[in-house]
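These protein sequences, in sequence, are chains A and B. In terms of numbering that gives the first Met the number 0, the first sequence opens at residue 0 and continues consecutively. In terms of numbering that gives the first Met the number 0, the second sequence opens at residue 0 and continues consecutively. Some notes on the structure that comes next.
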Amino acid sequence: MSGVNDFAFKMATVNGTGSASANSLLMQAIFRMGIPVTGKNLFPSNIQGLPTFYEIRVSKDGYTARPSEIDLVVTLNPSTYAKDVASVTPGGYLLYDSSWPLEPELVREGVTIRGIPFGKMCVDNFVRDRDRTLLRNIVYAGALAAFLKIDMDIVSQMLVEKFSKKKALFDANNTAIKLGYDYASNNYQCPLPFHLEQMDETKDSIIIDGNTSAALGAVYAGATVGAWYPITPSTSLMEAFTMFCRKFRTDPETGLGKYCILQAEDELSAAGIAIGAGWAGARAFTNTSGPGISLMQEFIGLAYYTEIPAVFYDIQRTGPSTGMPTRTQQADLLSLAYASHGDTKHIVLFPCSPEECFYMSPMAFDLADRFQTPVFVASDLDIGMNDWMCRRLTWDDAYVPDRGKCLTAADLESVKKFSRYLDAEGDGIAARSLPGVHGNGAYFVRGSGHDKHGMYTEDSDSYQEVVDRLARKFKLAATKVPAPEFHRVANADVGIVSLGGCHAAILEALDKMKALGINADYMRIRAFPFDTPVREFLDAHQTIFVVEQNRDAQLRSLLAIETGKPRDDMISVLDYGGMPLTARVVVSAVTATLTPAG
Amino acid sequence: MTSIAKPPVRHPGLRKNAIGFTQRDYEGAMSTLCAGCGHDSVTAALVQACWELDLPPHRAAKMSGIGCSSKTTAYFMKQSHGFNSVHGRMPSVTSGANAANRGLTYIGISGDGDSLSIGLGQLCHAIRRNVRMLYVIDNNGVYGLTKGQFSASADIGSTSKKGEANVQPPIDPVLLALTLGVTFVARSFSGDKAQLIPILKAGLSHNGLALVDIISPCVTFNDHDGSTKSYKFTREHDVEISTADFVPLRHEIRAPETDSAVNVVTMHDGSVVRFRKTHEGYNPTDRESAYAHVRACQQRHEVATGLLFIDESGSDMHAVSRTVPTPLVDLTHHELCPGNAALQSLMEKYR
Numbered sequence: 000m001s002g003v004n005d006f007a008f009k010m011a012t013v014n015g016t017g018s019a020s021a022n023s024l025l026m027q028a029i030f031r032m033g034i035p036v037t038g039k040n041l042f043p044s045n046i047q048g049l050p051t052f053y054e055i056r057v058s059k060d061g062y063t064a065r066p067s068e069i070d071l072v073v074t075l076n077p078s079t080y081a082k083d084v085a086s087v088t089p090g091g092y093l094l095y096d097s098s099w100p101l102e103p104e105l106v107r108e109g110v111t112i113r114g115i116p117f118g119k120m121c122v123d124n125f126v127r128d129r130d131r132t133l134l135r136n137i138v139y140a141g142a143l144a145a146f147l148k149i150d151m152d153i154v155s156q157m158l159v160e161k162f163s164k165k166k167a168l169f170d171a172n173n174t175a176i177k178l179g180y181d182y183a184s185n186n187y188q189c190p191l192p193f194h195l196e197q198m199d200e201t202k203d204s205i206i207i208d209g210n211t212s213a214a215l216g217a218v219y220a221g222a223t224v225g226a227w228y229p230i231t232p233s234t235s236l237m238e239a240f241t242m243f244c245r246k247f248r249t250d251p252e253t254g255l256g257k258y259c260i261l262q263a264e265d266e267l268s269a270a271g272i273a274i275g276a277g278w279a280g281a282r283a284f285t286n287t288s289g290p291g292i293s294l295m296q297e298f299i300g301l302a303y304y305t306e307i308p309a310v311f312y313d314i315q316r317t318g319p320s321t322g323m324p325t326r327t328q329q330a331d332l333l334s335l336a337y338a339s340h341g342d343t344k345h346i347v348l349f350p351c352s353p354e355e356c357f358y359m360s361p362m363a364f365d366l367a368d369r370f371q372t373p374v375f376v377a378s379d380l381d382i383g384m385n386d387w388m389c390r391r392l393t394w395d396d397a398y399v400p401d402r403g404k405c406l407t408a409a410d411l412e413s414v415k416k417f418s419r420y421l422d423a424e425g426d427g428i429a430a431r432s433l434p435g436v437h438g439n440g441a442y443f444v445r446g447s448g449h450d451k452h453g454m455y456t457e458d459s460d461s462y463q464e465v466v467d468r469l470a471r472k473f474k475l476a477a478t479k480v481p482a483p484e485f486h487r488v489a490n491a492d493v494g495i496v497s498l499g500g501c502h503a504a505i506l507e508a509l510d511k512m513k514a515l516g517i518n519a520d521y522m523r524i525r526a527f528p529f530d531t532p533v534r535e536f537l538d539a540h541q542t543i544f545v546v547e548q549n550r551d552a553q554l555r556s557l558l559a560i561e562t563g564k565p566r567d568d569m570i571s572v573l574d575y576g577g578m579p580l581t582a583r584v585v586v587s588a589v590t591a592t593l594t595p596a597g
Numbered sequence: 000m001t002s003i004a005k006p007p008v009r010h011p012g013l014r015k016n017a018i019g020f021t022q023r024d025y026e027g028a029m030s031t032l033c034a035g036c037g038h039d040s041v042t043a044a045l046v047q048a049c050w051e052l053d054l055p056p057h058r059a060a061k062m063s064g065i066g067c068s069s070k071t072t073a074y075f076m077k078q079s080h081g082f083n084s085v086h087g088r089m090p091s092v093t094s095g096a097n098a099a100n101r102g103l104t105y106i107g108i109s110g111d112g113d114s115l116s117i118g119l120g121q122l123c124h125a126i127r128r129n130v131r132m133l134y135v136i137d138n139n140g141v142y143g144l145t146k147g148q149f150s151a152s153a154d155i156g157s158t159s160k161k162g163e164a165n166v167q168p169p170i171d172p173v174l175l176a177l178t179l180g181v182t183f184v185a186r187s188f189s190g191d192k193a194q195l196i197p198i199l200k201a202g203l204s205h206n207g208l209a210l211v212d213i214i215s216p217c218v219t220f221n222d223h224d225g226s227t228k229s230y231k232f233t234r235e236h237d238v239e240i241s242t243a244d245f246v247p248l249r250h251e252i253r254a255p256e257t258d259s260a261v262n263v264v265t266m267h268d269g270s271v272v273r274f275r276k277t278h279e280g281y282n283p284t285d286r287e288s289a290y291a292h293v294r295a296c297q298q299r300h301e302v303a304t305g306l307l308f309i310d311e312s313g314s315d316m317h318a319v320s321r322t323v324p325t326p327l328v329d330l331t332h333h334e335l336c337p338g339n340a341a342l343q344s345l346m347e348k349y350r
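As structure tokens, then:
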């Protein structure tokens, strides 16, 4: 099955020992050879000392989902030896540190063992303890370069770029790479049967993670206020926003910035800051993960009811409660769609890749302003923190932000009595006025019951008039949010529905199923609320599979609640162990259902 | 929060301020608080302070949380936007609004429940952030809207209307703020308009967070003999340890600056606060002595009032964040978006 430019390998190391830079060096070198590549960092919620894994998948066909099989594992962490060996596909390879005797648990029939004395070579060649630890990773990268036939010119060039200003570091890394490369070449047959050959498939691509691209999208959308409280796996989004603002929004002469980033005391405050800024007229956002969303509920309801725009990035992780902070899941779907007490419904966008995280950022800010409401971008740890290969990002310079119905001082000059929640145009969206613009636009924001004029009320009819309009506004939003993406084939037997980061695995599964004679149509949900094409797709297929990464089939529930399609008419394919989805999970579930038992 | 509109009666002889507004223009809807509530006196003082400062109403924003005190933002400056947020969260909403538009005057009105219990964390962090705002705590030691429970500012031994004694130690917002590095803190009494108005004016002109703790008796639930937040108790135990007089920028300063009994502090906008020392050795620009004096008064069961501490050299939230002077809401998209050419050059770093 595995072959040239079509295999996967995994590094099993200890976190905090510097393997990340070696792993990204390998991945980037393969990318620069023009070969499609993806990396998945499966790391612990810990600073130093626990097992960590990095999987690199090479796919000439361009598949970017997590690999279903591992052809080669580098085992540098004795505490995970048994699991590492078990994870290699039959006929695969295992690379271990032969500075020490071969542990019996590493031996497995059908797995070829290669030993290289990484530790010993580092002790022999480097003096400082730190170098001996960190450079061991570069030595294994060198060995892998030989086994997998990575272009050494590219690797050398990358070291030059990385350490151009640090001669000593460059020399040490260069020595380490060569130690590994030479040892493997001199002692073993290289390359392995599966290896790399130059291609030309990555010239229009980049390698980026979704938190970086979402932050970049927020900069391009014109967001000026970012409020946050650190939480894995969303932290790197605000770090990237800070970096891009410093780069693009800082006056080189004064050093002053056209942005304000506030690290709040908690997620409640972060939500309050974003909402306060949105009320004052800025494009504002906060980024968090599930536990933060729980804490923000009260403010989300306030923003919904008082109609204040703000964007919330939820980089989902495995729940419930603290859950597994460094594992992925799509388990916040229901808590986002109906966040906060009382009757509330929210716009939620579901990016499927870092690329879409970028493009959905301006969409999220436009929708928030247009519908004067909180908008959620439901990313996840896999999209947000892993390095994905995707198409180069571009920006349309003709973009004009949709700020919605926002009254200017000139508009307000002739207004005698401003009614904040009046549906003047019949589309469910009332015009808003910003503080500081004009005295005629003054009104009182209140989360308590209010009538269409914004005045306090306990009158049933006046109260209902406002909340009924909110429902109409939400209905209109269904037609303005990103429509689903449809992949249709002739004579489809089944329909597959999914969302977000499952996309890469589904695309691969569709090809695999086709080879097995199963023709499937696929609908990728890109936003909540759903418009009529969603229900039409569900009705057009005898068998519907809903693939998602949570235990309780939350997408299926949302589809049932909002479209009226009976829940039990849809078959759930659920994967919620915290790892990115593989095509195999989807193919197995579908074929098991379609193949009559017995 | 019922808001009753006041009849639009205009007296032709009402005095106008420098920007052409009468004091009535700074008023709001009719108060629905109990007759005699201290909070209404605070509202009246705010109306006068803003009128005297010639503050354009539409350039001010009134921020509040939940509670009797938070309702009062509806009762003044009807031409200003108001934001009645959620319980204890006014500081974060104000931080965000100020981040977006630093050009407005933010008036936060809170209470002892809103700021010292549910919102204590937000109060502390707004002080640390030094958000430029006037932060008023209408402090009555009691939860009025839920009918008379002790708040976190109730003194030990102070009794409820039903006669129960409070047993938990109080949180003093002034001492707390001083330890957190507040750059302006005052305490006053809703019944002492002469003291309160200059303090509010100075607070509104301060370059940072100006915290004003105002003892504001609850006539319905906490104005009895066993209360230490009653009119009677406060009048009997109020010790003014500094008298502040606020002189706006364009007004002539009459008293000579050489007057040794007067301590002059120049505000960020050039206006000045003049302190007349009424207490030997008190220095309102020295944090340590301010803390010691307030603490000493407390031990003697006295309520230290006046402008207790001021530091005009502090950096506000925007100075710390190094934000441009233009309010962020006034920047055009063109000024904020780097454009495609910059993006394409950035993309090279991701290859």
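C-beta: ideal position from N, C-alpha, C; glycine also.
Checklist entry - In chain B, which residues lie less than 7 Å from Ile-205 (chain A) when you measure between Cβ atoms? => result Met-346, Tyr-349, Arg-350
Next on the checklist: Against chain A, does Val-46 (chain B) count as a neighbour if the rule is that its beta carbon must be under 9 Å from one of theirs?
Outcome noted: No - not a single Cβ of chain A is within 9 Å of the one on Val-46 (chain B).
Checklist entry - In chain A, which residues lie less than 7 Å from Thr-322 (chain B) when you measure between Cβ atoms? => result Leu-255, Gly-256, Cys-259
Next on the checklist: Assuming contact is defined by CB atoms lying nearer than 9 Å, are Phe-245 (chain B) and Gly-207 (chain B) in contact in what I supplied?
Outcome noted: no
Checklist entry - By the criterion of Cβ-Cβ separation under 8 Å, what are the contact partners of Ala-96 (chain B) in chain A? => result Gly-275, Ala-276, Trp-278, Ala-279, Pro-434
Item to check | With 16 other Cβ atoms within 10 Å as the buried cut-off, status of Ser-109 (chain B) | outcome: buried
Item to check | chain A within 9 Å of Arg-128 (chain B), Cβ atoms only | outcome: yes
Item to check | Pro-255 (chain B) in three-state terms, based on DSSP | outcome: In this prediction, Pro-255 (chain B) scores a pLDDT of 46, lower than 50, which makes its location untrustworthy; no coordinate-derived value is stated.
Next on the checklist: With three or more beta-carbon pairs closer than 8 Å as the criterion, would you say the region 0-7 of chain A touches the region 48-62 of chain A?
Outcome noted: yes
Checklist entry - Relative to the C-alpha of Val-73 (chain A), which residue among A:Gly-225, A:Phe-117, A:Pro-89, A:Ser-1 is closest? => result A:Phe-117
Checklist entry - Of the residues B:Ser-187, B:Gly-95, B:Ala-96, which one's Cα is nearest the Cα of Val-135 (chain B)? => result B:Ser-187
Checklist entry - How would you write the range of the alpha helix (DSSP H) that Met-10 (chain A) sits in, first residue to last? => result Run containing Met-10 (chain A): none in the alpha helix (DSSP H); it sits in the beta strand (DSSP E), 5-13.
Item to check | Nearest-angstrom Cβ-Cβ length linking Leu-573 (chain A) and Glu-547 (chain A), presumed shorter than 8 Å | outcome: 6 Å
Item to check | Exposure label - Ile-46 (chain A); buried when at least 16 CB within 10 Å | outcome: exposed
Checklist entry - Once you ignore the five residues that flank Gly-383 (chain A) on each side, which residues in its own chain have a CB closer than 6 Å to its CB? => result Gly-209, Asn-210, Pro-232, Ile-314
Checklist entry - If we cut at 9 Å on Cβ distances, does Val-444 (chain A) have a partner in chain B? => result Chain B, which has a Cβ nearer than 9 Å to the Cβ of Val-444 (chain A), makes this yes.
Checklist entry - Helix, strand or coil for Thr-331 (chain B) per DSSP? => result coil
Next on the checklist: Between the alpha carbons of Gly-141 (chain A) and Ser-163 (chain A), how many angstroms are there, rounded?
Outcome noted: 19 Å
Item to check | Element boundaries [alpha helix (DSSP H), containing His-278 (chain B)] | outcome: Segment: none, His-278 (chain B) is in no alpha helix (DSSP H) and carries neither H nor E.
Checklist entry - When you check each C-beta in the region 91-115 of chain B against every C-beta of chain A, which residues fall closer than 7 Å? => result Ser-91, Val-92, Thr-93, Ser-94, Gly-95, Ala-96, Ala-98, Ala-99, Asn-100, Gly-102, Leu-103
Checklist entry - Quick one: is Ile-252 (chain B) buried, meaning 16 or more other Cβ sit within 10 Å of its Cβ, or exposed? => result No answer about Ile-252 (chain B) holds up, because its pLDDT of 43 lies below 50 and its placement is not dependable.
Item to check | Cβ of Leu-41 (chain A) within 9 Å of any chain B Cβ | outcome: no
Next on the checklist: Quick check on DSSP: helix, strand or coil for Leu-509 (chain A)?
Outcome noted: helix
Next on the checklist: Taking only three categories from DSSP, how would you classify Gly-403 (chain A)?
Outcome noted: coil
Checklist entry - Quick one: is Val-586 (chain A) near chain B, going by C-beta distance under 9 Å? => result Closer than 9 Å to the CB of Val-586 (chain A) there is not a single CB belonging to chain B.
Checklist entry - What residues from chain A crowd round Ser-79 (chain B), counting only those whose CB sits closer than 7 Å? => result Ala-441
Item to check | Exposed unless 16 or more other CB atoms sit within 10 angstroms - verdict on Leu-537 (chain A) | outcome: buried
Item to check | C-alpha distance - Tyr-180 (chain A) paired with Glu-102 (chain A), whole-angstrom precision | outcome: 24 Å
Checklist entry - To the nearest whole angstrom, what separates the beta carbons of Arg-523 (chain A) and Leu-498 (chain A), a pair I think is in contact under 8 Å? => result 6 Å
Checklist entry - Can you give the Cα-Cα distance for His-340 (chain A) and Leu-294 (chain A), rounded to whole angstroms? => result 13 Å
Item to check | Endpoints, the alpha helix (DSSP H) within which Trp-50 (chain B) is located | outcome: 37-51
Next on the checklist: Would Ile-292 (chain A) and Asp-331 (chain A) be called neighbours here (beta carbons separated by less than 9 Å)?
Outcome noted: yes
Checklist entry - Ordered along the chain, which non-local residues of its own chain (more than five positions away) have a Cβ less than 8 Å from that of Pro-255 (chain B)? => result No answer about Pro-255 (chain B) holds up, because its pLDDT of 46 lies below 50 and its placement is not dependable.
Next on the checklist: Per DSSP, what are the beta-bridge partners of His-80 (chain B) in this structure?
Outcome noted: B:Ala-60
Next on the checklist: With distance defined between alpha-carbon atoms, name the residue in A:Ile-112, A:Glu-354, A:Met-157, A:Asp-203 nearest to Gln-20 (chain A).
Outcome noted: For the record, residue 20 (chain A) in the displayed sequence is Ser; it is not Gln. Taking only the C-alpha atoms, the option nearest Ser-20 (chain A) is A:Met-157.
Checklist entry - Between Ala-309 (chain B) and Trp-387 (chain A), what straight-line distance do the alpha-carbon atoms span, to the nearest angstrom? => result It is Ile, not Ala, that sits at residue 309 (chain B) in the sequence shown. Each residue's alpha carbon lies about 53 Å from the other.
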